[in-house]
Structure formats: structure tokens, C-alpha cells
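Single-structure report; data block below.
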Amino acid sequence: MDALVYWVGMAAVAVNAVTGVLDSGRKQMDLIGAMLVGVATALGGGTVRDLLLDRNVFWVVDQTYLVAALGTGLLTFFIARALPLPPKLFLIPDAVGLALFTIVGTQVALQWHAPWLVASLMGVTTGVVGGVLRDILCNDVPLVFLKGELYATAAWVGALALIGLQEIGVPSVAASWVAMSIVLLLRLLAMRFHITLPAFAQKPRP
Amino acid sequence: MDALVYWVGMAAVAVNAVTGVLDSGRKQMDLIGAMLVGVATALGGGTVRDLLLDRNVFWVVDQTYLVAALGTGLLTFFIARALPLPPKLFLIPDAVGLALFTIVGTQVALQWHAPWLVASLMGVTTGVVGGVLRDILCNDVPLVFLKGELYATAAWVGALALIGLQEIGVPSVAASWVAMSIVLLLRLLAMRFHITLPAFAQKPRP
Amino acid sequence: MDALVYWVGMAAVAVNAVTGVLDSGRKQMDLIGAMLVGVATALGGGTVRDLLLDRNVFWVVDQTYLVAALGTGLLTFFIARALPLPPKLFLIPDAVGLALFTIVGTQVALQWHAPWLVASLMGVTTGVVGGVLRDILCNDVPLVFLKGELYATAAWVGALALIGLQEIGVPSVAASWVAMSIVLLLRLLAMRFHITLPAFAQKPRP
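Protein chains in written order, with our numbering: chain A, 1 to 206; chain B, 207 to 412; chain C, 413 to 618.
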């Protein structure tokens with residue numbers, strides 16, 4: 001089980017690196033710029049979580065994550081220059097990555113004895129902050145904050161479900177699988193049926 | 207006194223969450239995007255201070271702050287959609303929040319035995335970094351850096367006054383009240399009489 | 413030797429503060445905004461390195477760095493308002509600063525027993541993150557990520573050379589000088605002969 005989570009987590013890091021590199025293509029970045037944006041996208045969420053919890057940063061301790069992010073970034077750069085990869089190709093792997101990052105992030109925070117609401121937000125942080133960093137580095141408003149199909153919301157619901165299930169006595173492994181399925185399902189349903197949250201209207205800066 | 211500071215601090219967190227959510231309205235954000243921008247605005251300054259000083263992050267230890275930020279953000283979102291809140295309404299609470307955040311931040315850094323200049327900048331950080339994060343997340347140049355009525359300057363003068371007063375023997379509580387009044391007064395006077403610092407001229411990127 | 417590194421490091425901090433302040437001139441910032449951007453540019457790289465490695469932040473421990481950054485920023489602001497400083501004036505000091513920051517950052521990470529790939533990226537982080545923060549605060553895409561003469565690449569090659577040289581038994585001091593020369597030479601050659609990495613083409617956001 002632990003080995004499974006480790007390697008699925010590694011895959012999620014790689015998928016995030018792909019989306020970071022693809023996104024940097026809009027901004028005339030060069031190879032190293034694209035790779036660094038890829039690394040920030042892949043490792044940013046877990047890094048911010050570890051800093052906030054005052055844990056050792058996960059990829060400083062185990063640089064396999066860094067190798068995965070850099071290697072994937074390098075490959076993606078050259079593949080994407082040769083043949084245009086439609087970003088839609090990565091929507092489902094990205095949803096799996098979101099589910100996994102969220103649940104792992106929440107579990108890590110719970111083991112660190114963070115209070116429950118903090119732990120749920122640490123799950124959301126692990127899931128979405130990589131993409132927020134990517135958009136900041138590309139000088140865009142973070143996509144995850146804008147009106148669109150549920151993303152952070154799916155993560156948050158799953159994180160709260162995980163905490164609730166463990167609170168009522170469901171074993172940690174079972175609760176994790178259920179919560180991961182909730183995130184994934186919510187995200188996929190939101191994409192399929194264009195489920196969105198209410199939004200603000202655009203107004204000029206006063 | 208400590209309980210007073212605690213609850214006034216909580217109020218300052220809530221006021222900052224309001225300004226974050228109102229500001230996100232310019233960018234077509236949805237409910238969760240607005241709430242997360244509100245949380246970053248409310249908790250960002252103290253978080254960066256705690257990370258730089260290697261303290262436990264204040265809202266990870268006491269999640270009441272997080273509840274205050276999230277709850278206020280939620281309320282603000284729905285109220286602001288129903289009736290447009292003029293941001294000017296919050297200028298005076300915001301000035302109170304700036305004064306309080308600055309003085310609390312400076313005190314925390316001094317108790318942590320930070321050198322005096324560092325401590326004064328930690329006060330400024332606590333007071334203004336939330337708004338800087340808000341503007342970065344909304345993809346704007348941080349308002350506090352632009353030519354405008356004294357803001358960070360008011361905070362810095364107050365922080366230095368606090369340190370100077372304690373250095374010459376004024377008791378901590380008295381010095382805090384005086385320094386808070388200085389920040390508040392400077393900010394209010396600057397708004398009333400449009401007091402600004404010298405600015406650079408706008409030039410295109412070379 | 414240690415004293416030499418210390419004071420050359422201080423000079424690099426000052427040079428970075430200058431570039432930060434000059435850059436802020438494009439955005440109608442006021443005195444304190446420009447100074448804070450200068451401080452973030454000068455101290456940002458080492459700060460992120462120290463946070464990621466869970467070390468004490470260098471300028472919180474020794475506020476001389478902060479004095480250097482603030483003092484240089486103040487001077488630069490008033491000099492640059494009186495007579496326009498061409499940013500090109502600082503390209504060579506900036507290259508020296510990049511070389512020094514990179515090698516010091518890598519050495520710090522190695523002493524902290526970071527794995528080698530992490531250590532090399534900590535060198536790059538120390539060298540370039542200040543400029544990334546400057547560009548984020550000025551609401552631009554970070555210059556270092558865009559197609560242009562080698563910058564982060566020069567830093568990374570030098571950091572890897574340092575690690576390789578020490579691995580094959582070259583003493584630390586000698587390896588540092590060689591690696592620093594590599595960064596500096598690569599950067600200067602890249603500027604002279606417009607050496608760039610391959611880049612992505614600009615595409616609109618899908």
C-alpha cells in the first residue's frame with residue numbers, strides 16, 4: 001500500500017510537471033524556464049504544505065521527486081515542440097493527481113496533529129498550489145480561482161470526507177480510497193456537466 | 207490586555223478577509239477562489255513572518271483564525287453579490303488592522319530576539335504582505351508599492367517607534383498603544399491630506 | 413577567505429538591490445515600494461533556499477545584509493531619479509553576483525547534507541529567485557524564464573561543476589573558484605554572443 005501510494009504520487013508529480021511545461025509554452029519561455037515552471041507546478045503544493053507545517057520539505061529529503069519532475073519536464077518540452085500536445089489530453093491524469101495530492105496532503109497534516117480544518121486546507125493546498133504557482137510564474141490570474149468547473153472545491157469536499165470518515169471510525173486506508181474517489185468523481189462530473197460555483201461579476205478596479 | 211489583543215487581532219483578520227474577497231470581485235473569481243484570496247489576504251502577513259522567524263505558523267496552531275477568515279469571506283461573498291459594498295467603507299477598519307498587525311508583528315519578532323531592524327520589518331511584513339499576496343493572486347502590481355497615501359511607511363514608522371520607546375524604558379504595553387496610535391494617525395492623516403512619498407516616473411521596460 | 417566571501421556576498425546583495433530598485437521604476441512605485449522590491453530582489457534567493465532547507469534565514473540572523481539592501485536601495489532611488497542609470501551598467505556586477513550567489517548557495521546546501529541534485533538547484537535558487545520575486549512583484553513574467561541569454565543555465569552548470577569537482581577530490585576552496593569562474597564566463601560569453609536555449613513558440617491560452 002505504501003509503495004503504491006509512493007509511486008502513484010510520483011506519477012502525479014510527473015503529470016503536474018507536464019501541465020506546467022505545456023502552460024509555459026504560451027509565454028515564450030526557454031528550456032530552463034519551462035523546466036523550472038514545471039518543477040514549481042509539480043512540487044509547489046507539497047512544498048508550501050511542508051513549510052506551513054514546519055516539516056522537512058519532501059523533495060529535499062527524497063530527491064527522486066525532483067528527478068521525476070525535471071526528467072518529465074525535459075521530455076515534455078521536446079515532445080511538445082515537435083508535435084502539439086492538446087492540454088485536454090491531461091485533464092484526466094490531472095484529476096487523478098488532484099485526488100491523490102489532496103488525500104496525501106490531508107493525511108500528512110493529520111499525522112502532524114494539525115487541527116481538522118487546517119488539515120483539510122493542507123489537502124487543498126497540496127492539490128492546487130502547484131497550479132497557482134504555475135499561473136503566477138506565467139503572470140496569469142490563477143485558473144483555479146476563476147469561475148470554472150469545480151477543482152479546489154472537489155479537493156476540499158474530499159479532504160473533509162476523509163477527516164469525517166476517520167472521525168467516525170473508518171480505517172485510514174479505506175477512508176483514503178473513498179475520499180480519493182470522491183475528489184475524482186466530483187472533478188470528472190464537474191467537467192462533464194460544467195458544474196460551477198457562483199461567481200463575482202467582473203468590475204473595474206475602483 | 208492579552209485577551210483584548212487576541213480579539214482585536216481576530217477582528218483585523220476578518221477585515222482583511224473582507225478586503226481580499228471584495229478585491230477578487232474584479233477578476234471573475236468563483237466562491238472558493240474568492241474565499242481563498244480572502245484567506246491569503248487575512249493570514250498571509252503573519253504567515254510569512256512566522257516562516258521567516260521559524261516559528262509555528264499562528265493559524266496552524268490556533269485554527270480560530272482560519273475559521274474567522276473563512277467565515278468572513280463566505281459572508282462577504284454573498285453580501286457583496288447582493289448589494290455592492292463600496293471598498294471605501296473598509297478604509298478605516300483596514301487602517302486599524304494595519305496598526306494592530308504591525309505592532310503585534312513587531313512584538314512577536316522582538317520576543318523571538320530578532321535584531322531591531324529585522325523586527326521592525328517583520329512588523330511591516332505582518333501589516334502589508336497579506337495585501338501584497340492578494341494583489342499577486344489577482345495579477346496586479348501590489349497596491350502598497352505604488353505611489354499612494356502612506357501605508358507601509360506608516361507601519362514602519364510605528365514599528366520603529368515601538369522599538370525606540372521600549373529601548374528608552376517605556377513599558378511594553380504603553381509603548382504598544384503609543385506605536386499603534388502612531389500608525390493609525392499617520393495612515394488617517396495621509397488619507398485625509400493625500401500625503402505621499404516621492405515616486406519613480408513610469409518608464410517602459412528597456 | 414571566509415571574510416572575503418562575506419564581503420563579496422554583501423556586495424552581491426547590494427548589486428541585486430540596485431537592479432530591483434531600477435526595475436521598480438517602470439511601475440510608478442514610491443520610495444518604500446521601490447526599497448521593498450529592492451530588498452526582495454537582494455535577499456529573496458537566499459531566503460527561499462534557507463526556508464526550503466529549514467535553516468535560519470541568513471538576514472534574520474545577521475541584519476548587516478538587510479542594512480546593505482535597504483541602504484543601497486535608498487541611494488539608488490534618489491540617484492536614479494536625478495540621473496537615469498542605464499540598467500546595462502549593472503550587467504557585469506549582476507553576473508558576478510549571480511556567480512557568487514550560486515556557489516555560496518550550493519555550498520550551504522552541501523554542508524546541510526542536501527542530496528546533490530537538490531544542492532545544485534539550491535544554488536540556482538539562491539542565484540535567480542531574487543530576480544523572479546522582483547518580476548512577480550512588478551507583475552511581469554520572470555525575465556529569467558524567458559528566451560534570452562543564458563542565466564539560470566549558467567548558474568546550474570556552475571553548481572553541477574562545483575559538486576562534480578568536490579566529488580573527484582578537488583578541495584572545496586579551489587572548486588569554488590573554478591565553479592564561480594564557469595558561471596561568470598558562461599554568462600559573459602552568452603551576453604557577448606547571444607547564446608540562448610531553445611524556446612517554445614508563443615501560443616494563446618487554450
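In this text, a Cβ means the ideal position worked out from N, Cα and C, and glycines have one as well.
Among all the DSSP beta bridges, which residues are the ones paired with leucine 352/B?
Met441/C
Is the separation between the beta-carbon of alanine 452/C and that of glycine 432/C shorter than 8 Å?
For alanine 452/C and glycine 432/C, yes; Cβs fall inside 8 Å.
Taking Cβ positions, are threonine 402/B and glycine 336/B nearer each other than 8 Å?
no
Kindly indicate if chain C contains any beta-carbon less than 8 Å away from that of isoleucine 342/B.
yes
Anyone know if the C-beta pair for alanine 602/C and alanine 573/C falls short of 8 Å?
With contacts defined by Cβ atoms closer than 8 Å, alanine 602/C and alanine 573/C do not form a contacting pair.
Determine whether the Cβ of leucine 495/C lies closer than 8 Å to any Cβ atom of chain A.
no
Minimum Cβ-Cβ distance from asparagine 222/B to chain A less than 8 Å:
no
When Ala531/C, Val544/C and Phe489/C are compared against glycine 570/C, the one with the closest alpha-carbon:
Ala531/C
Note down the Cα distance separating histidine 319/B from glutamate 373/B, rounded to an integer number of angstroms.
14 Å
If the cut is a Cβ gap below 7 Å, which residues of chain B does valine 469/C touch?
Correct list: Leu258.
Spatial neighbours of histidine 400/B within its chain, please: CB distance less than 7 Å, with the 5 preceding and 5 following residues excluded, ordered by chain position.
Glu355
Sufficient close CB pairs (3 or more, under 8 Å) joining the stretch 480-488 of chain C to the stretch 72-86 of chain A
no
Just list the residues that DSSP pairs threonine 196/A with in beta bridges.
Residue pairing by DSSP places threonine 196/A opposite Glu149/A in a beta bridge.
I'd like to know whether the C-beta of threonine 153/A is nearer than 8 Å to at least one C-beta of chain B.
yes
Three-way DSSP call (helix, strand, coil) for leucine 316/B in this model
Leucine 316/B carries a helical assignment under DSSP once its states are collapsed to helix, strand and coil.
Proximal residues of chain A, C-beta to C-beta of alanine 240/B below 7 Å
Chain A residues near alanine 240/B: Phe200.
Buried or exposed: lysine 414/B, going by 16 or more other Cβ atoms within 10 Å of its Cβ?
There is simply no residue 414/B to check, as chain B begins at 207 and stops at 412 in what is shown.
Go to arginine 55/A, then tell me how far its alpha helix (DSSP H) extends in each direction, as first and last residue.
Segment: none, arginine 55/A is in no alpha helix (DSSP H) and carries neither H nor E.
Near isoleucine 515/C, which residues of its chain fall below 8 Å by C-beta distance, leaving aside the five closest residues on each side in sequence?
Only Gly535, Gly570, Ala571, Leu574, Ser588, Ala591, Met592 and Val595 meet the Cβ criterion.
Closest Cβ-Cβ distance between aspartate 94/A and chain C: below 8 Å?
no
In chain order, what residues of the same chain have a beta carbon less than 8 Å from the beta carbon of isoleucine 79/A, not counting five sequence neighbours either side?
Leu85
Which of the three DSSP states is assigned to alanine 424/C in this structure?
helix
Near-chain C residues of the stretch 389-406 of chain B (beta-carbon distance less than 9 Å), N- to C-terminal order
For the stretch 389-406 of chain B, the beta-carbon criterion of a distance under 9 Å to any beta-carbon of chain C is satisfied by Thr402, Leu403, Pro404, Ala405 and Phe406.
Under a three-way DSSP split, which group does isoleucine 79/A fall into?
helix
In the structure shown, what three-state DSSP assignment does valine 508/C receive?
Residue state, collapsed to three classes: helix.
Hey, how far is the Cα of alanine 415/C from the Cα of tryptophan 7/A?
46 Å
I want to verify the contact list: residues of chain A whose CB lies under 7 Å from the CB of valine 553/C, in sequence order.
Lys27, Cys138 and Asn139
Through-space distance from arginine 493/C to tryptophan 116/A, alpha-carbon basis
Whole-angstrom Cα-Cα distance: 52 Å.
Relative to the alpha-carbon of lysine 233/B, which residue among Arg187/A, Asp140/A, Val170/A and Leu188/A has its alpha-carbon at the smallest distance?
Asp140/A
Less than 8 Å between the C-beta atoms of aspartate 54/A and asparagine 262/B, yes or no?
yes
Where isoleucine 548/C falls: helix, strand or coil (DSSP)
helix
In three-state terms, what does DSSP make of arginine 617/C?
In this predicted model, arginine 617/C has a pLDDT of only 46, less than 50, meaning its place in the structure is not dependable enough to derive any value.
Leaving aside the five residues before and after proline 505/C along the sequence, list all residues of the same chain whose C-beta is less than 6 Å from its C-beta, in chain order.
Val427
Under 9 Å between beta-carbons, which chain B residues line up against valine 144/A? List them in chain order, please.
Ile238, Gly239 and Leu242
Where serine 230/B meets chain A, residues with beta-carbon distance less than 9 Å
Phe145 and Phe200
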